[in-house]
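Peer 1: The listed protein sequences derive, respectively, from chains F and Z. Residues in the first sequence are numbered from 0 upward in steps of one, following numbering that gives the first Met the number 0. Residues in the second sequence are numbered from 0 upward in steps of one, following numbering that gives the first Met the number 0. Let me begin by handing over the structure; questions about it come next.
There are 2 protein chains.
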Amino acid sequence: MKRSERLVDMTKYLMERPHDLIPLPFFAKRYGAAKSSISEDLAILKHTLADNQDGILETVAGAAGGVRYVPFWGKKHAQHYLQDLATRIEDPERILAGGFVYLSDILGNPQDLEKIGKLIATRYAYADIDVVMTIETKGISLAQAVARYLNVPFIIARKRSKVTEGATVSVNYISSSLDRVSKMELPTRVLKENSNVLLVDDFMMAGGTLTGMQQLVREFNSNIAGVCVLCEADFEDEKLIEGHLSLVKIKRVDGKKKVILAEPGTLIAHTDFNRF
Amino acid sequence: MKRSERLVDMTKYLMERPHDLIPLPFFAKRYGAAKSSISEDLAILKHTLADNQDGILETVAGAAGGVRYVPFWGKKHAQHYLQDLATRIEDPERILAGGFVYLSDILGNPQDLEKIGKLIATRYAYADIDVVMTIETKGISLAQAVARYLNVPFIIARKRSKVTEGATVSVNYISSSLDRVSKMELPTRVLKENSNVLLVDDFMMAGGTLTGMQQLVREFNSNIAGVCVLCEADFEDEKLIEGHLSLVKIKRVDGKKKVILAEPGTLIAHTDFNRF
């Protein structure tokens, strides 16, 4: 196979398997090419990704070595996208009762989900994440998008028992805006002990739901490796949680005046982009 | 930019935008290359994808023309994956009460979701789909995976009212195993009139839930463009729905004897793979 064909196939193959370590002999065999040619191909791939600030190709030396594609977005891409997203969120048509914001179009748009997923996966690209966790329903697409780029499984806490999942562990938590105590649960078989869990959710008011998820993770003797939300309500004074990151901060929601103010959140300032 | 670099970037760019028509002048400008060079690049990309039976590159001639990447999987890949999936589903540990089958690991695994999404998107690659629809909770990851490869939005019917979605339309339906009447609803703003909707779900017993979704789509004066489920219970005699496709058929679930039998479903026989 020619270099040009190898590069097309290699790019596709690696992009479909983020974070997987692929041994060089695998490519050498797949293309019937010398290892030195494969190394040259990978060098082209690496610098093309780096030039676009859109992905890192890591080469691991030695007998157990190989090559790994790490989805990683440059700071300028991140800033540009979050600024655009915040502006789109400022549409007053999004205002719903109770200070909530309509986000289902964004959370159901593959192009947004890819960018959001890539961005959160960039932040945690070099963290040790075994699994992404969220709670039904609207966090699910976010969890899936992040899990895809980290190439780890994702799991979903449920708000009520379902017969189709077997035994569960449950915790109580204070749900949205501190007004009531609810219950969330996770099937016992979905999470192993000592897992490193990245929590994600679509919208955070005071953080009660995330606190519930943290508690649930602890019940499984596992660790919180990070907490990241798409939007956080910055106007909510009483926060039940610390150390979380957000893609967008909602500064104000005024249903009467039809005003919603949003800006990029804390994620970018807490991401080390110097990896290219 | 050299051909080798262009090919890496072009492959990545097109893969990130399935079904989008990209005008050739866009690439010519992006790479500072002649249109004839871009055409040669695209020819390499096209035959490399075709050789692997993993994707179609369509060129559209004329002033409004360009190039489009269509995720499309060859029949052999499809057969191989579905046979493997059916075998994995035959694990007796998956048997749950009521003839249900534990599938959350598959529905939360990015590698499975990519293959499942690509397979369903192959079947509907040349159908006119505006939106993918499912019902919470477990169908969501499936809908997202399919929507990603068709590059259309996906929407989620809910089982109960949520304050965060505004006005809704609701219908009643006969839920799992015909034992009770439930309600499902969809926010009015998520679906436009005259949309072509592809329905997907994780597990079908008699099909009551899918019937409810069909009814809901009709309430929005929209059309059902297809119905596809991950697993259908072949042992369930009374079917409320016709013309649906399945990736896997569950032939038997016996909790006492710890036996579960599965085989590839009807999707492959109803897919035209002669497109490469």
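Glycine is no exception: its CB is placed at the ideal position from the N, C-alpha and C atoms.
Which ranges would you report for the alpha helix (DSSP H) in the segment 169-229 of chain F if only whole runs of at least 4 residues count?
Peer 2: Qualifying alpha helix (DSSP H) stretches, in chain order: 207-218.
Peer 1: Pull up the DSSP beta-bridge partners for Ala156 (chain F), would you.
Peer 2: In DSSP, Ala156 (chain F) forms a bridge with F:Ile134.
Peer 1: In chain order, what residues of the same chain have a beta carbon less than 7 angstroms from the beta carbon of Pro152 (chain F), not counting five sequence neighbours either side?
Peer 2: Contacts found: Val130 and Ala146.
Peer 1: Hey, which unbroken runs of the alpha helix (DSSP H) at 4 residues or more fall wholly within the segment 6-32 of chain Z?
Peer 2: Counting only runs of 4 or more, we get 23-30.
Peer 1: Given a cut-off of 8 angstroms, decide if Pro17 (chain Z) and Asn150 (chain Z) are closer than it, judged by their beta-carbon atoms.
Peer 2: Yes, the Cβ-Cβ distance between Asn150 (chain Z) and Pro17 (chain Z) is below 8 angstroms.
Peer 1: Under the rule that 16 or more other beta-carbon atoms within 10 Å means buried, what is Gly254 (chain F), buried or exposed?
Peer 2: Per the 10 Å Cβ criterion, exposed.
Peer 1: Say whether chain F places a C-beta atom closer than 8 angstroms to the C-beta of Pro91 (chain Z).
Peer 2: No, no contact with chain F.
Peer 1: What residue does the alpha helix (DSSP H) around Lys34 (chain Z) start on, and which one ends it?
Peer 2: Segment Lys34 to Asp50, the alpha helix (DSSP H) holding Lys34 (chain Z).
Peer 1: DSSP state of Ala261 (chain F), grouped into three classes?
Peer 2: Looking at Ala261 (chain F) - three-state DSSP - the assignment turns out to be strand.
Peer 1: Determine, using beta-carbon pairs with one atom in the segment 91-106 of chain Z and one in the segment 51-59 of chain Z, whether at least three such pairs fall under 8 angstroms.
Peer 2: Touching, no.
Peer 1: Grouping DSSP H, G and I as helix and E and B as strand, with all else coil, what is Gly66 (chain F)?
Peer 2: It should be noted that the sequence gives Val, not Gly, for residue 66 (chain F). It is a strand residue.
Peer 1: Compare the C-beta of Lys11 (chain F) with all C-beta atoms of chain Z and state if any pair is closer than 8 angstroms.
Peer 2: Yes, because at least one Cβ of chain Z sits closer than 8 angstroms to the Cβ of Lys11 (chain F).
Peer 1: How would you call Phe25 (chain F), buried or exposed, if buried means at least 16 neighbouring beta carbons within 10 angstroms?
Peer 2: Phe25 (chain F) comes out exposed.
Peer 1: Please tell me whether Asn195 (chain Z) and Asp271 (chain Z) are closer than 8 angstroms, where the distance is taken between their beta carbons.
Peer 2: No. Outside cutoff.
Peer 1: Curious, which full-length beta strand (DSSP E) runs of at least 3 residues does the segment 65-152 of chain Z contain?
Peer 2: Complete beta strand (DSSP E) runs here, min 3: 65-72 and 130-134.
Peer 1: Gly264 (chain Z) and Leu246 (chain Z): beta carbons closer than 8 angstroms?
Peer 2: Yes; because the gap between Cβ atoms is below 8 angstroms, this pair is in contact.
Peer 1: Using a beta-carbon distance below 8 angstroms, is Pro152 (chain Z) in contact with chain F?
Peer 2: Interface residue, yes.
Peer 1: Distance check for Arg122 (chain Z) and Met0 (chain F), CA to CA, integer angstroms please.
Peer 2: If you take the alpha carbons of Met0 (chain F) and Arg122 (chain Z), they lie about 30 angstroms apart.
Peer 1: Around the Cβ of Val180 (chain Z), are there at least 16 other Cβ atoms within 10 angstroms (buried) or fewer (exposed)?
Peer 2: With fewer than 16 other Cβ atoms within 10 Å, it is exposed.
Peer 1: Is it the case that the segment 198-216 of chain Z contacts the segment 224-244 of chain Z, given that we only count it when at least three CB pairs across the two stretches are under 8 angstroms?
Peer 2: Verdict: yes, contact present.
Peer 1: Quick check: Ala205 (chain F) and Lys238 (chain F), are their CB atoms within less than 8 angstroms of each other?
Peer 2: Yes, Cβ-Cβ distance for Ala205 (chain F) and Lys238 (chain F) is below 8 angstroms.
Peer 1: Is there a Cβ of chain F sitting closer than 8 angstroms to that of Ala205 (chain Z), yes or no?
Peer 2: False, the Cβ-Cβ gap to chain F never drops below 8 angstroms.
Peer 1: Can you tell me whether DSSP reads Arg251 (chain F) as helix, strand or coil?
Peer 2: Three-state result, Arg251 (chain F): strand.
Peer 1: How many Å lie between Glu113 (chain F) and Lys256 (chain Z) at the Cα?
Peer 2: Their Cα atoms are separated by approximately 44 angstroms.
Peer 1: Using the beta-carbon of each residue, which ones in chain Z are nearer than 8 angstroms to Glu235 (chain F)?
Peer 2: Under the 8 angstroms cutoff, chain Z gives no residues; its nearest Cβ is about 15 angstroms from Glu235 (chain F).
Peer 1: Report yes or no: is there a C-beta of chain F within less than 8 angstroms of the C-beta of Gln52 (chain Z)?
Peer 2: No - not a single Cβ of chain F is within 8 angstroms of the one on Gln52 (chain Z).
Peer 1: Helix or strand or just coil, what does DSSP make of Ile267 (chain Z)?
Peer 2: DSSP places Ile267 (chain Z) in helix when its eight states are reduced to three.
Peer 1: Can you tell me the Cα-Cα spacing of Ala142 (chain Z) and Gly116 (chain Z), whole angstroms?
Peer 2: Those two C-alpha atoms are separated by around 8 angstroms.
Peer 1: For Glu237 (chain F), which three-state DSSP category applies?
Peer 2: The answer is coil: DSSP assigns Glu237 (chain F) none of H, G, I, E or B.
Peer 1: Note the first and the last residue of the continuous beta strand (DSSP E) segment covering Gly54 (chain Z).
Peer 2: Looking at the DSSP string, the run of the beta strand (DSSP E) that includes Gly54 (chain Z) is Asp53 to Val59.
Peer 1: Between Ala124 (chain Z) and Ala156 (chain Z), what straight-line distance do the alpha-carbon atoms span, to the nearest angstrom?
Peer 2: Roughly 24 angstroms between the two C-alpha positions.
Peer 1: Would a C-beta distance cut-off of 8 angstroms place Ser103 (chain F) and Val189 (chain Z) closer than the cut-off?
Peer 2: Yes. Within cutoff.
Peer 1: Against chain F, which members of the segment 177-200 of chain Z pass a CB distance test of less than 9 angstroms?
Peer 2: Here the close residues are Pro186, Arg188 and Val189.
Peer 1: Please compile the residues from chain F whose C-beta is within a distance smaller than 7 angstroms of the C-beta of Gly165 (chain Z).
Peer 2: Those within 7 angstroms of Gly165 (chain Z) in chain F are Leu95 and Tyr101.
Peer 1: Using a C-beta to C-beta distance shorter than 7 angstroms, which residues of chain Z count as neighbours of Thr47 (chain F)?
Peer 2: In chain order: Glu4, Val7 and Asp8.
Peer 1: Please tell me whether Gly65 (chain F) and Leu20 (chain F) are closer than 8 angstroms, where the distance is taken between their beta carbons.
Peer 2: Yes.
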